[in-house]
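Numbering (mature numbering (1 follows the signal peptide of the UniProt record, and there is no 0)), first residue to last: -24 to -1, 1 to 346. Where a beta carbon is used, it is the ideal one built from N, C-alpha and C, also for glycine. Quantities reported herein were computed from a predicted structural model and do not represent experimental measurements.
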Amino acid sequence: MALHKFPLMGLLLLLTIVVSPATADGPVCPPTTKLSRASFPEGFLFGTATAAYQVEGAVNETCRGPSLWDIYCKRFPSRCNYDNGDVAVDFFHRYKEDIQLMKNLNTDAFRMSIAWPRIFPHGRKEKGVSQAGVQFYHDLIDELKRNGITPFVTVFHWDTPQDLEDEYGGFLSERIVKDFREYADFVFQEYGGKVKHWITFNEPWVFSHAGYDVGKKAPGRCSKYVKEECQEGRSGFEAYLVTHNLLNSHAEAVEAFRQCEKCKGGKIGIAHSPAWFEPHDLADSQDGASIDRALDFILGWHLDTTMYGDYPQIMKDIVGHRLPKFTDAQKAKLKNSADFVGLNYYTSVFSNHLEKPDPSKPRWMQDSLI
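Here you go:
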């Protein structure tokens, strides 16, 4: 995947670790460089981030409908560590206190997500809009701005309305594209005059791969040869289909955003979650080649498509007929469909070449040959 110059937008949360002096054998390392705001460019934003299902709670208030995660955690409690989002940290009731904590930390920005089923309890506007849910996000955004904190709003952070899951399988169906555009356009029209930084999807690779290929996150789908407890799913197929529908949903949402008069002057993109890769064996040229391939399968899968309008060539070559194809019209909408690139960075990973994939048991990890 070719990486060209492109505006990167991120929020940085600095954690200060205090350690006591200690003596040890060997060379003495010089003191670490101290960081301050002066260490960063003017205009750099320091902030915090959340996701609606992880923090809001209040699942039975504002006529909120159930989401994919509500049902998943109740259906498979052991997979969720016997936790759920019914109360979480009660952000719905305590957001003003939390905003004061943000202010006391001198943060500049807060990344939040809107819960689709808190706006459209049944997934579509025609089935009802929760005015109380709409008002909650107005109140939250207004409180942030009153305290000098810039809102960054994620339209979708994995909480598909369960009604759409039950009706047609959520992101497994291309029907999600129309419904997502309607929902996204609604929140743009509602909050676009107040919010100028938008993210359509949070970490689409995790949503597709973990939810539909290895069964680690909602809805927990995979083939039994990947995980015995998976009751439904088709690894090596569904994750590609989900991403395909997700990317088309992104393109439609961006088109709606760019047509939104209230949103003029705003920016929109996706928050990706790549890792950095190093070869497992520095002397093995195949391990070295696996790094670029891993980046294509994790980052390029979504980034290349929103920049250039299509999947990386290496994915087409390896995945073959299991990788859905875009129409020319879809490619045109996808090309340059992001004003910035968001990166959620967590860790580095060793990469090594997979010698003998089993074609009878396809899965994303095997396709990437790492």
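If we require 4 or more residues per run, which alpha helix (DSSP H) segments fall completely within the segment 180 to 205?
180 to 188
Please state if the CB of Y159 and the CB of W92 are separated by a distance shorter than 9 Å.
Yes.
Please report the distance separating the alpha-carbon of P(-4) from that of K10.
Note that P(-4) scores 41 on pLDDT, short of 50, meaning its location in the model is unreliable; the coordinates nonetheless yield the value given after this. One C-alpha to the other measures close to 17 Å.
Scan the segment 68 to 115 and note each continuous alpha helix (DSSP H) run of 4 residues or more that stays entirely inside, going in chain order.
92 to 95
Can you tell which of I90, S89, S54 and S249 has its C-alpha closest to the C-alpha of S324?
S249
Looking at K193: is its Cβ nearer than 9 Å to the Cβ of W134?
yes
Exposure label - W252; buried when at least 16 CB within 10 Å:
exposed
Inter-residue spacing [alpha-carbon to alpha-carbon] between I175 and G187:
Distance between the alpha carbons of I175 and G187 is about 20 Å.
Contacting residues, own chain, Cβ-Cβ under 8 Å from C206 (five flanking each side not counted):
G191, G196, R197, C198, S199 and K200
Classify A(-1) as buried or exposed, calling it buried when 16 or more other Cβ atoms lie within 10 Å of its own Cβ.
Low local confidence applies: a pLDDT of 48 at A(-1) is under 50, so the model's placement there is unreliable, and no value is given.
My assumption, with CB atoms under 8 Å, is that A215 sits in contact with W45. Please give the rounded CB distance.
Their Cβ separation, rounded to whole angstroms, is 18 Å, which puts A215 and W45 out of contact at 8 Å.
Using the rule of at least 16 other Cβ atoms within 10 Å of the residue's Cβ for burial, across every protein chain shown, is N178 buried or exposed?
buried
Tell me whether residue 353 sits in a helix, a strand or coil according to DSSP, three-state version.
Residue coverage of the chain in this structure runs from -24 to 346, which leaves residue 353 outside it and unanswerable.
Could you name the residues that DSSP lists as bridge partners for residue 348?
Past the edges of the chain, shown from -24 to 346, lies residue 348, and the structure says nothing about it.
Around the C-beta of S261, are 16 or more other C-beta atoms found within 10 angstroms, so that it is buried, or is it exposed?
exposed
Measuring alpha carbon to alpha carbon, tell me which residue in I294, V295, Y287 and T24 is nearest T303.
Y287
Give the secondary structure of A34 by DSSP, where H, G and I count as helix, E and B as strand, and everything else as coil.
Residue state, collapsed to three classes: coil.
In the DSSP assignment, find the alpha helix (DSSP H) that holds H226 and state where it starts and stops.
E214 to Q235
I152 - DSSP class collapsed to helix/strand/coil:
helix
From F128, L140, A270 and L330, residue whose alpha carbon lies closest to that of A243
Before going further, note that residue 243 is Lys rather than Ala in the sequence given. Checked all of F128, L140, A270 and L330; the closest Cα to K243 is F128.
Kindly indicate which three-state DSSP category P300 falls into: helix, strand or coil?
coil
Does DSSP put I47 in a helix, a strand or coil?
helix
How do the segment 93 to 110 and the segment 24 to 40 stand: do at least 3 beta-carbon pairs fall below 8 Å, yes or no?
Contact holds between the segment 93 to 110 and the segment 24 to 40, because three or more Cβ pairs, one in each stretch, are under 8 Å apart.
For the pair the segment 19 to 33 and the segment 81 to 101, tell me if three or more CB-CB distances fall below 8 Å.
yes
Here's a check: name, in chain order, each residue in its chain whose Cβ is nearer than 7 Å to the Cβ of G264, leaving out the five neighbours to either side.
Result list for G264: P255, in chain order.
Would you check if the distance between the CB atom of T130 and the CB atom of M78 is smaller than 9 Å?
No, these two residues do not count as a Cβ contact at 9 Å.
Going by alpha carbons, who is nearest to S235 out of L330, F164, F273 and S211?
A quick correction: the sequence has Gln, not Ser, at residue 235. Selected option, being the one with the closest Cα: F164.
Could you round the C-beta distance between R157 and E228 to whole angstroms and report it? I think they count as a contact, below 8 Å.
4 Å
Once you ignore the five residues that flank G155 on each side, which residues in its own chain have a CB closer than 8 Å to its CB?
The sequence shown places Asp at residue 155, not Gly. Contacts found: G99, R100 and L140.
Neighbourhood of L345 by C-beta, 8 Å cutoff - its chain only, sequence neighbours within 5 removed
S266, R269, I294, H329, L330 and P333
What whole-angstrom Cβ distance do T282 and H226 have, given they're in contact under 8 Å?
7 Å
What is the rounded straight-line gap between the Cα of G212 and the Cα of I75?
42 Å
Assuming L223 and L310 are in contact, meaning their beta carbons sit under 8 Å apart, how far apart are those beta carbons, in whole angstroms?
6 Å
Would G33 and F68 qualify as a contact pair, given that the criterion is a beta-carbon distance under 9 Å?
For G33 and F68, yes; Cβs fall inside 9 Å.
Whole angstroms is fine: what's the gap from E119's alpha carbon to A27's?
18 Å
Excluding sequence positions up to five away, which residues of its chain have a Cβ less than 6 Å from the Cβ of Q342?
P333
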